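Below is one structure, written out as C-alpha cells, with a few remarks after it.
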Amino acid sequence: MALMSLSWCLSAALALLYGSLWPQVHSALAPENEVPLRPTTWLPEGKITSITLPKGRNRRLYFTLKKKAPAMSLTVSPCDSPIEWSLAARTLKDKPLKSLQWSTKKSTPEVWWRGPGTEEKIHSFAGNVVDTYSGPSYPHASIYILRLRSKQQNTRVSVYLHEGLGPSGTFPLLPADPQVHTLGVGMTSVTLSWAPSASVTSLPHMQKSYDYCVLVNSQQNYPNLCAARESMRKEIDQKQEKKERMRRVTVWPILKEWWWQQWDTFPEPQSPSSSLTDEFSDLQCVCQGTESVCTVSELLPDTQYYFDVFVMDRLNGTSMAYKGTFARTHEEAQPAITTLREGELRWVTFHDRGSNSEQFFSFRPRGWQQSGLLTLQSCHGGEKVKVTVSSKGQVLTSQAVGRDLVHIWLQGSPSYLIHLEREGTPTGQISAATDLALPGGLMASVKMQTSSAYHRRGVPSLPSTLQIKSFNRLRGCNSVTLAWMGTEERSLYCVYRRKLGSREADAGGVSALTAPCLGPESRSDTERVLCKYFQELNPRRAVTTAVIGGLEPGMAYVFDVYLMRRWGIPIKYASKMVKTRKEC
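Letter by letter, the sequence shown follows residues -27 to -1, 1 to 557 of mature numbering (1 follows the signal peptide of the UniProt record, and there is no 0).
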C-alpha cells in the first residue's frame, strides 16, 4: 500500500513538471484569425520614406490625416523592378474594446484592422514608373492603409505623403509632353531635345537647385534615377568580381598593384560642406545643366543607344524622369574598294597634300590553291606608306612600303582586302626632286601588282644586290661593259640606255637618274638595247655581263637593267651613268 501511494505521488509530480513545459493553449477569448505580431510602419507626412520589399511578400504602411486636411497626395517611386501598390481607407464602426484580453500584445493599427469596420479601395497601380495619387481626404476614415508588393525580385521603394492642396514642391515638375525627342543622328553623335521643366524655368538665374542630367547606355531605358543607379552598381560589381577572379589566378600579385590597392582603401577626406547636393555626384551625366538640348558625342557607329533625361532637385535630393528614347547611329562610311585583275600593274596615287589618305583594293587568286603574290614599291622614299592585308576581318600582315620591293605571299583565303594608307607629310618636307619625279603634281605614288601563283610555294628569289658595275678598263669610245647579279631562277634581263646632255652630265647625273618606279612599260622601244635570259644555281656566282655597243665617243649615258619576271613587278636595278672615252 505504501509503495502504491509513493508511485502515485511520483506520477503526479512528473505530470506537473512536464505540464508546465508543454505549450499553453490560447485563451478562448482570442480571435480565430489571430496572427503573430508583425512590425507596423507609420508613414510620416512630408518626408521621403525608403521601404525594402522582399520578393512575394506584402508590406503595409499606415497613416492618418489631420482633421482639417482637405486633400492629400501619395507618391510611390519604384526602383529597378515593377511593383503593385494600393491605397485603402478603413472606417471603424466602434472603437476597439480596451477590456478585451489578447493572447499576444498588438499594435494600435493592427487592433484597428482586426476590429469591425469597412474598407474602401481608393487607388491601385502596377508598374515600374513613379505614380502619384492626388485626391480629397475621407472625413470618416479612421486609418489609411498602403499595401506594397513586388513579385519579381527584392527591390526598394520610396514613398512620400503630402497633406493639402496643390503640389508638394518636393519633386520637380514634368512638362505636359515628357517625351525626349531626337533632333539629329550621325555616325558618332546624337542630338536630343525635350520640353523644359517648369521647375527649371521658374527659378531665378542665380539659383541653381534644379538641373537636367542625360544618361546614355546600350541596354535599355530607365524609368527612374534609382534604376539607372542600380544598373551602374551592378556593372561595377561585375567588373570588380572579374578583377577578383583574375587576382585569384595570379599566385604572386605584383607589388605595385598591391600598393595601389592598399592606397585606394584609405578613405578620402570628406568636405564638411557636403550635404544632399552631393547625392547626384556619382552620376556620369553626358550633359548636365539647365539647357533642354544635348548633343551626345563619341559614340560607336552602327550601334543602338538609349537616352534618358532626368530633372533633379538638388535641394531635396529628388528627381523625375522624362520618357526616354533610343536611336541607332549611322553606319561607318564604307570606302570604295577597287578590284584588282590578274597580273594587273597599278599605280596608286594620293592627290591631297599634308593629310592622311587611304585606298582599298580586293584580290581573288585563281586556282584551288588560293595562292597569290602581292608586290609593292613606293616611288618616293620620303613618303610614309603602309600596306595592310586582311581576310575575313582578320589582319594577316601590316608593313611599311619603301623604295625597295615588298613581296607579300598570299595563301589560304579566297579573297584579300588590301589597304594602302599614306600618312600626311608637312609641306616643307616635300622636296623639289619629289615633285619632279611624278608629273601632274601627284604627291605620292605606289606601284602595285597582284598575280596568282599556281605552282610557287613562296616569294621568288631576288638578286643579292641591285647595283650595276661598269669596268673602266673595258670602257671604249663606242662601247661599255656592264655586269650585274642575277638569281638561280631562269629570268629575262633587259638593258635600256638613255643619252644625257652636256648640262645633265656636268651636274653629276643625279637628277638624270631614272625614277625607281619607271618600269620597262614606260620606256621607249628605241631605248631598249638588249634582252637576255640568265640562270645560275650558285647565288654567289650568279653574275652576268653585257657589252653595249653603238655609242658615241665622249658622251654620257644612263643604263638601266630590269629583271622581268612572270610574277610581280619587274625589278629595276639602280641606274648607272657611264661616259665613253673621247679618244681611243
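We put the CB at the ideal spot given by N, CA and C, even for glycine. Keep in mind that this is a model prediction, so the values were computed, not measured.
Cβ-based neighbour list, residue 99, same chain, cut-off 6 Å, excluding 5 preceding and 5 following: 57
At least three beta-carbon pairs within less than 8 Å, the stretch 119 to 135 to the stretch 21 to 37: yes
Pair within 9 Å by beta-carbon distance, residue 534 and residue 455: yes
Neighbourhood of residue 558 by C-beta distance below 6 Å, restricted to the same chain and skipping five residues each side: Because the chain here runs from -27 to 557, residue 558 falls outside it and cannot be looked at.
N-terminal and C-terminal residue of the alpha helix (DSSP H) that residue 174 is part of: 171 to 174
Length-filtered (3 minimum) beta strand (DSSP E) runs lying within the stretch 119 to 190: 128 to 136, 154 to 158, 163 to 166, 183 to 190
Identity of the residue in 386, 424, 557, 300 nearest residue 161 by Cα: Nearest C-alpha to residue 161: 300.
Nonlocal neighbours in the same chain, by C-beta distance under 6 Å from residue 395, ignoring five residues either side: Around residue 395, the same chain offers 323, 330, 358, 417 as residues with beta carbons nearer than 6 Å, after the five sequence neighbours per side are excluded.
8 Å contact criterion, which residue 305 and residue 136 should meet: CB distance rounded: Contact between residue 305 and residue 136 does not hold, since the beta-carbon distance rounds to 57 Å and is not under 8 Å.
For residue 501, the three-state DSSP class (helix, strand or coil): The answer is strand: DSSP assigns residue 501 an E or B state.
CB contact flag (residue 25, residue 16, <9 Å): no
Reduced DSSP category for residue 394 - H, G, I as helix; E, B as strand; rest coil: strand
Buried versus exposed, by CB contacts within 10 Å (16 or more), residue 470: buried
Per DSSP, the bridge partner or partners of residue 439: Under DSSP, residue 439 takes part in no beta bridge, so it has no partner.
Where residue 344 falls: helix, strand or coil (DSSP): strand
Whole-angstrom distance between residue 489 and residue 568, CA atom to CA atom: Residue 568 is absent from the model: the chain starts at -27 and stops at 557.
C-beta atoms of residue 553 and residue 453 nearer than 9 Å: yes
As assigned by DSSP and simplified to three states, the class of residue 528: In this structure, residue 528 counts as coil in the three-state DSSP scheme.
Of the listed residues 171, 169, 377, 518, nearest to residue 569 (C-alpha basis): For residue 569 there is no data in the structure shown, the boundaries of the chain being -27 and 557.
Three-state class that DSSP yields for residue 16 in the structure shown: coil
Cβ neighbours of residue 371 in the same chain (closer than 8 Å, five flanking residues each side left out): These residues qualify, in order along the chain: 359, 360, 361, 362.
Inter-stretch contact at 8 Å, needing at least 3 Cβ pairs: the stretch 272 to 282 / the stretch 177 to 197: The stretch 272 to 282 is in contact with the stretch 177 to 197.
7 Å Cβ shell around residue 274 - same chain, five flanking residues per side excluded: 160, 161, 302, 303, 304, 305
Rounded Cβ spacing between residue 199 and residue 53 (contact assumed at less than 8 Å): 7 Å
Cβ-Cβ distance between residue 106 and residue 93 below 9 Å: no
Residue 346 vs residue 382 beta-carbon contact at 9 Å: Yes, they are a contact pair.
Cβ-Cβ distance between residue 374 and residue 419 below 9 Å: yes
Closest Cα partner of residue 91 within the set 65, 423, 97: 65
Short Cβ contact (9 Å threshold) for residue 592 with residue 421: The chain is shown from -27 up to 557; residue 592 falls before or after that span and cannot be answered.
Contact belief for residue 505 with residue 519 at Cβ below 8 Å, rounded distance in angstroms: 7 Å
Alpha-carbon to alpha-carbon, residue 451 and residue 557: Taken atom to atom, the span from the alpha-carbon of residue 557 to that of residue 451 is near 9 Å.
Where residue 213 falls: helix, strand or coil (DSSP): helix
Segment limits, beta strand (DSSP E) that includes residue 193: Taken as a continuous stretch (DSSP letters only), residue 193 belongs to no beta strand (DSSP E), as it is neither H nor E.
Cβ-based burial, residue 460 [other Cβ within 10 Å; buried from 16]: buried
Collapsed DSSP secondary structure at residue 41 in the structure displayed: coil
Simplified DSSP assignment, three categories, for residue 74: Confidence at residue 74 is low in this model, with a pLDDT of 49, below 50, so the placement of that residue is unreliable and no value is reported for it.
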